[in-house]
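Residue numbers (full-length UniProt numbering): 1 to 193.
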């Protein structure tokens with residue numbers, strides 16, 4: 001695992017976006033960039049892409065994604081470090097997972113407006129159509145949980161957890177401690193168990 005700390009690694013990941021499992025997702029992000037006024041980071045091409053069985057739905061890109069241009073467990077941030085650790089503990093294989101945000105654009109603040117949430121849910125619906133093997137969605141955090149109504153009736157398994165941010169760790173240590181077990185349930189669900 002290589003963190004997205006060097007321009008060379010970031011450039012390498014951008015080149016990998018043309019891979020078959022990621023080309024449609026890269027085009028989806030390009031289309032979002034044409035309509036959204038803020039930074040929309042790419043999905044990490046080292047993840048499962050359109051072959052993903054588990055979508056880890058987070059809340060909104062943060063400064064780490066702004067620095068690297070990717071929604072990635074490999075961003076050099078405390079939240080990404082937690083995501084890496086929790087996914088490892090849950091035994092969720094990278095090639096079966098994909099990370100995305102309910103609100104797909106970073107506008108310089110972690111605050112989320114109602115308009116951003118509404119637009120994000122519309123974009124999420126379009127993303128789901130690009131993921132034919134998807135069977136489980138992890139709703140990580142209260143904002144991600146707002147996607148539950150959209151996902152109800154899709155046949156997708158839904159797993160709820162706290163958001164893996166330092167703020168949650170500080171304010172709600174019990175919820176933080178429960179994240180790996182919740183994510184492991186996604187693995188069991190995804191495996192058909």
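Quick reminder that beta carbons are idealized off the backbone N, C-alpha and C, glycines included.
query, result
"Considering only the beta carbon of each residue, do residue 65 and residue 131 sit closer than 8 Å?", "no"
"Could you check whether residue 157 and residue 102 sit closer than 8 Å to each other, using their CB atoms as the reference points?", "no"
"Can you give me the start and stop residues for the alpha helix (DSSP H) that residue 72 sits inside?", "Element bounds for residue 72: n/a, residue is neither H nor E."
"Please report how far the alpha carbon of residue 171 lies from the alpha carbon of residue 9, in whole angstroms.", "34 Å"
"Is residue 123 buried or exposed, if buried means 16 or more other CB atoms sit within 10 Å of its CB?", "buried"
"Tell me the residue span of the beta strand (DSSP E) that contains residue 137.", "136 to 140"
"Output the distance between the C-alpha atoms of residue 173 and residue 105, rounded to the nearest integer angstrom.", "28 Å"
"Which residue comes first and which comes last in the beta strand (DSSP E) that contains residue 54?", "54 to 58"
"So which of 75, 55, 18, 25 has the shortest CA-CA distance to residue 1?", "75"
"Only counting the same chain, and skipping five residues up and downstream in sequence, which positions put a Cβ closer than 6 Å to that of residue 48?", "95, 96, 97, 98"
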